[in-house]
Amino acid sequence: MYGYHGHVLEVDLSDGSIQSQPLNTQVAKDYLGGRGLATRLFFDTVDPSCEPLSPKNVLVIATSPLIGSRAPTGCRGHMVFKSPLTGMIGSSNCGGTWANMFKSTGYDALVLKGKSSEPVMIDIGPEKAEIVPANHLWGLDVHETTERLTSEAAPGRSPRILCIGPAGENLVRIAAVVNDKNRTYGRSGPGAVFGSKNLKAIRVFGNKKIQIKDEEHYRSGLDQASYLLKAAPATKRILRELGTSGLVELINLIDMLPHKNFQDTAHTDENTDRVSGETLSKTFLERPGGCYGCPIACQRHTRVKDKKGEGPEYETDVMMGPNCDIYDLEAITHANYLCNELGLDTISFGGTLACAMELFERGFISQEETEGMELRFGNAGILEEMVKRVAYRKGFGDKLAEGSLRLARFYQHPEFSMTVKGLEIPAYDPRASFTQALGYMTSPTGACHLRGGYAVSLAFFGGTREIPRFSLLQSPIAIRNLQNLGILQDSLGVCRFTGFAFSADPWARIASGITGLDFSTSRMEEVANRIATLERIFNLKAGLKIEDDTLPNRFSKESIRVREKEITIPKDAIQKMRSEYYNVRGWDTQGKPSKSLLRALHLDGGEV
Amino acid sequence: MKGRKNSRSEDEANDSVRMKIRIKFFAFFRELFQGKERDIELKKGTTVGGLLTLLCHSEEQRKEIFDDNALKSTVVVMRNGTHVHSLKGLKTDMNDGDTIALFPLIGGG
Ligand code: SF4
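Protein chains in written order, with this note's numbering: chain W, 1 to 608; chain U, 609 to 717.
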């Protein structure tokens, strides 16, 4: 096979067996790679009704045919599993260097099953893959684990490490899996799934290269991509200069920047300036950096006093900052460093903390329960301590470790959890864009801007034309298209941010050139629809109901001011957009894929 | 935004034909226009296009904002949080107290 190695590594941690399985060519054609391939392999292996933290859960990591090529940003791995936070499909994508090195071990994907009785790691080299005891690593943070495993590698080898920190070990439901010390598979709680399997780390080192079928076609795609990346300001210079936090001011300007657990979107100009990308670049930024093969280089390598680290990104900055009424960039950056070290998803952490702050201020959580801690909005002093308490499930942190929905339910006020399907809403207020709202509602993983359709930044800033923000009619089609583009990027193993320069065209040439398979834009559209439908089938089998495709009541009941008008998303608007979205997807009124759609997508037998 | 109080009658007369606009610059436009924001008094009836022409003193500035006489496709101009593309583009009018935000097409998240 061209572009692929043609092998899938299957590891059963219960019985310690390791097998190489052939990659089915038809599966590659139908699902491309990354998110698509991982979803298919996951679906074929897992029981959808399994308990996410039990040995029955399966976690798949897949690469794409572009990994190992010179495709810009073609470095990203994708994880699929059943989420311990949502009980639905968990799906998380990440850059860095690990996925590229994993692919060069000669495998396209890794399927992890079962549970080890002792802490272990998996060591994958060019000659063999083995399960190795990791008792000595248990308890170490992400940075320590990475350094230890790197230094213990055979001489002359520079392996890459993917691992969890204490949060994952402690089955914190918002725990991340991290590579390169600071690049995280954050959303949906994959760290807890690693922890539940007693799996601490996966070390990879390889030297196998992929074969390219049609060099000329591939190169024409590369040239087109690199020309367009240099032509668009975002990919040419802005992401490098400002990082993703460059969005803070603009999202504030369009009244979309969440405040105090999404109670409103009102901030003073002085406050947003304190946490803006412009300010970060002038203060803590040491240098920008890039994931493997990335010319955009949005990473923030920062230093605060004597401590160095990465971040904050836009989401982290806002969720741990303004959404908690905190505008202290130093405190946010420190807490970000700690989340990376202990292995926590910064978005869900920020969302859960904001929820706890609101419950505290409303008197539902007492100071006695927080062991004297003032859990008030604006209290930047507690950020770091709360990260530690959550990661170690210490005292009151144990409740936050369950995520905001379980926390709010515990106090019998689930209405203060700003989640969809149990996943914390990221840093764009849905009331300020109905398109984004619909994306949160229909994302297979719960409220995620990356799986749900990147409405705000792609359509609003990345395009020259603004998607009507409050159109009930256009939002369903717009979000379907954005979701499909996201599915393709995740399945091609490339970064969302290339979308600021171009959508599918150069990728079609690159993917077809590499593999010699037909990945024209129209074929890729079909692939995206197939993946979206398979994710839906899994969720329905796992118990998803139509009522789960919705938003927290706050957004229908409490208004925010957008362009001098008071805006809510009325319940009937939610229903209207939802049914039109189902219609656009070819799903029935209950959100179930129709028989004819299943047939057209070669998903026969997928009826639920 | 509070209006200024003037005792002199000619200023008052002036106020009826002038308007105060706040301009905010983001990303590398801060270096290009040397500042974060600026308050500027203009004749009533000045359009967004007129304002941008007034702002661009150097060839470098003009090159970043205009493509011939049209707004460059990589520039976003907002009047009170609304993209001027959804209004009347460069012909969009302004009222006393309006805020105009100027930034290059940006990304992230
Ligand atoms: S744009 Fe940023 S996140 Fe994306 S691949 Fe490049 S450095 Fe990584």
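Even for Gly, the Cβ is constructed at its ideal location relative to N, Cα and C.
Predicted, not measured: the structure shown is a model, and the values here were computed from it.
Counting only the Cα atoms, residue 249 of chain W lies some 13 Å from residue 645 of chain U.
Residues of the region 699-714 of chain U with a C-beta less than 7 Å from any C-beta of chain W: 709, 711, 712, 713, 714, listed in chain order. DSSP places residue 92 of chain W in the uninterrupted beta strand (DSSP E) bounded by 89-94. Under the 7 Å criterion on CB atoms, residue 332 of chain W is classed as non-interfacial with respect to chain U.
A residue is called buried when at least 16 other Cβ atoms come within 10 angstroms of its Cβ; residue 345 of chain W meets this threshold and is buried.
For residue 688 of chain U, the residues of chain W that pass the 7 Å Cβ criterion are 563, in the order they occur in the chain. If the five residues before and after residue 376 of chain W are omitted, its C-beta is found closer than 8 Å to the C-beta atoms of 357, 360, 361, all from its own chain and listed in chain order. DSSP places residue 356 of chain W inside the alpha helix (DSSP H), whose first and last residues are 346-361. Counting along the chain, no alpha helix (DSSP H) covers residue 708 of chain U; the unbroken beta strand (DSSP E) around it starts and ends at 707-712. Residue 444 of chain W and residue 534 of chain W have their C-alpha atoms roughly 10 Å apart. Per DSSP, residue 44 of chain W is one residue of the alpha helix (DSSP H) stretching across 34-45. Using a Cβ distance threshold of 7 Å, residue 401 of chain W and residue 393 of chain W count as a contacting pair.
Flagged as an interface residue toward chain W: residue 635 of chain U, by a C-beta distance shorter than 7 Å. Taking the Cβ atoms as the reference, residue 432 of chain W lies roughly 5 Å from residue 562 of chain W, within the contact range of under 8 Å. Membership of residue 404 of chain W in the alpha helix (DSSP H) is indicated by the continuous run 404-410. For the region 670-695 of chain U, the beta-carbon criterion of a distance under 8 Å to any beta-carbon of chain W is satisfied by 681, 682, 684, 686, 688, 689, 690, 691, 693, 694. According to DSSP, residue 674 of chain U shares a beta bridge with U:679.
When only Cα atoms are considered, residue 543 of chain W and residue 418 of chain W end up about 21 Å apart. From the beta-carbon of residue 638 of chain U, the residues of chain W found nearer than 9 Å are 278. Interface flag for residue 497 of chain W against chain U is set, since a Cβ pair is found closer than 7 Å.
Per DSSP, residue 398 of chain W is not a residue of any beta strand (DSSP E); the alpha helix (DSSP H) it occupies stretches across 397-400. Against chain U, the CB of residue 233 of chain W has a partner CB under 7 Å away; the residue lies at that interface.
Relative to the ligand SF4, residue 73 of chain W has its C-beta within less than 6 Å of a heavy atom. Classified as buried, residue 436 of chain W has 16 or more neighbouring CB atoms from the shown chains inside 10 Å of its CB.
Residue state for residue 163 of chain W is assigned as strand, using DSSP reduced to three classes. Taking the Cα positions, residue 498 of chain W is about 15 Å away from residue 456 of chain W.
According to DSSP, residue 264 of chain W shares a beta bridge with W:259.
Within 9 Å of the CB of residue 241 of chain W, the CB atoms of chain U belong to 635, 636, in sequence order along the chain. Of the residues assessed, residue 547 of chain W falls on the exposed side of the cut-off, its CB having fewer than 16 other CB atoms within 10 angstroms. Closest in alpha carbon position to residue 272 of chain W, among W:595, W:174, W:318, is W:318. For residue 538 of chain W, no chain U residue has a Cβ inside 7 Å of its Cβ, as the nearest lies near 26 Å away. With a cut-off of 6 Å, the C-beta of residue 347 of chain W is classified as distant from the ligand SF4, since no heavy atom of the ligand falls inside that distance.
Nearest neighbour of residue 89 of chain W by Cα position, chosen from W:521, W:188, W:331, W:228, turns out to be W:188.
About 6 Å separates the beta carbon of residue 567 of chain W from that of residue 559 of chain W, a gap short enough to meet the 8 Å contact definition.
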